[in-house]
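Presented below is the structure to which this report refers.
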Amino acid sequence: MSRSLRHGALGATALVFSIATLSACGAGNNAQTLGVRPDNAATAVDGIKIQNLNVITQPDHEAEGPAVITGTLFNDGTKREVLEKITLPGGNATVKLQPAKGKGPVVVPAGGRLVLGGKNNASAVIENGRQVGADGSVQNVAFTFSETGDIQLGAAVVPATSFFKKFGPSTLPTPKPTPSGDATETPGAESGSPSASGEPSESAAGSATPSDEASASQ
Numbered sequence: 005m006s007r008s009l010r011h012g013a014l015g016a017t018a019l020v021f022s023i024a025t026l027s028a029c030g031a032g033n034n035a036q037t038l039g040v041r042p043d044n045a046a047t048a049v050d051g052i053k054i055q056n057l058n059v060i061t062q063p064d065h066e067a068e069g070p071a072v073i074t075g076t077l078f079n080d081g082t083k084r085e086v087l088e089k090i091t092l093p094g095g096n097a098t099v100k101l102q103p104a105k106g107k108g109p110v111v112v113p114a115g116g117r118l119v120l121g122g123k124n125n126a127s128a129v130i131e132n133g134r135q136v137g138a139d140g141s142v143q144n145v146a147f148t149f150s151e152t153g154d155i156q157l158g159a160a161v162v163p164a165t166s167f168f169k170k171f172g173p174s175t176l177p178t179p180k181p182t183p184s185g186d187a188t189e190t191p192g193a194e195s196g197s198p199s200a201s202g203e204p205s206e207s208a209a210g211s212a213t214p215s216d217e218a219s220a221s222q
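Just so you know, we're using my numbering here: the sequence shown kicks off at 5 and counts up by one.
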């Protein structure tokens with residue numbers, strides 16, 4: 005077999021192997037459960053795996069409002085893990101954790117997973133979205149677990165548009181209402197009020213009743 009044919013055969017074999025490897029990653033706790041792009045931030049420490057981590061801001065970068073942290077947390081250990089807190093190192097932003105239903109701790113069950121962000125999932129809300137990095141930057145995010153301790157990694161900061169719209173902040177800013185021009189009245193417009201010259205207005209001067217005129221003629 006010629007050298008060129010051998011190289012072609014090796015390249016085809018490598019391609020088949022790569023496709024098989026990617027297909028295998030779609031099963032079990034390594035699956036991309038949220039359908040989020042697979043090149044997003046991910047890490048693994050002991051039995052905890054964090055995948056598809058993003059910080060999603062308002063769709064308009066000039067808008068005020070919250071931001072959210074989204075991702076999937078896997079627990080391959082034999083004990084449940086409580087996600088005690090999430091912080092943004094280097095800043096003073098507050099991240100509010102909320103379980104999917106009701107109140108109480110945010111738990112990653114043993115052998116299970118926890119999804120942050122999206123409808124009917126647990127949430128991690130940054131109340132002031134302007135406290136995170138600019139869209140397109142990387143924001144450090146630190147997770148504190150009851151058993152594993154702290155895990156820190158960088159997350160992409162993206163606006164809640166296009167692909168990320170359904171995972172973005174649930175509370176979006178609303179435009180302030182503008183007062184209409186015909187809602188206001190000018191001073192002195194009320195019936196019977198004096199004009200600027202101090203004379204009675206036309207409506208007040210013509211308001212005499214027929215009985216008043218009859219008494220004046222006597």
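Heads up, the beta-carbon is just placed ideally off N, CA and C, and yes, glycines get one too.
Predicted, not measured: the structure shown is a model, and the values here were computed from it.
Report the three-state DSSP secondary structure of residue i (helix, strand or coil).
i: S141; result: coil
i: Q55; result: strand
i: K83; result: coil
i: E194; result: Because the pLDDT at E194 is just 48, under 50, the model does not fix this residue reliably, and the value given afterwards should be weighed accordingly. Here E194 sits in coil by DSSP.
i: K2; result: This structure cannot settle anything about residue 2, because the visible part of the chain is limited to 5 through 222.
i: Q102; result: strand
i: A160; result: strand
i: E88; result: strand
i: T61; result: strand
i: T148; result: strand
i: G108; result: coil
i: G94; result: coil
Given a cut-off of 9 Å, decide if residue j and residue i are closer than it, judged by their beta-carbon atoms.
i: T77; j: K53; result: The question names Thr, yet the displayed sequence has Leu at residue 77. It is a contact, given that the beta carbons lie within the stated cut-off.
i: P70; j: G133; result: yes
i: V49; j: V86; result: no
i: V145; j: V59; result: yes
i: V72; j: F147; result: no
i: G75; j: Q102; result: no
i: G115; j: N79; result: yes
i: T98; j: E66; result: no
Quick one: is residue i buried, meaning 16 or more other Cβ sit within 10 Å of its Cβ, or exposed?
i: V40; result: With a pLDDT of only 45 at V40, under the threshold of 50, the placement of this residue in the model should not be trusted, and no figure is reported.
i: E68; result: exposed
i: L142; result: This sequence places Val at residue 142; Leu is not what is there. Exposed.
i: S127; result: buried
i: F168; result: buried
i: G140; result: exposed
i: P163; result: buried
i: N96; result: exposed
i: G153; result: exposed
i: P109; result: exposed
The beta strand (DSSP E) spanning residue i covers which residue range?
i: F78; result: A71 to N79
i: E131; result: Careful: E131 lies outside any beta strand (DSSP E) and carries neither H nor E.
i: R117; result: R117 to L120
i: T47; result: A45 to V49
Thinking residue i and residue j are a contact (beta carbons under 8 Å), I'd like their distance in whole angstroms, please.
i: V136; j: T61; result: 6 Å
i: A159; j: A45; result: 5 Å
i: K89; j: E151; result: Contact flag wrong, Cβ pair sits at about 14 Å.
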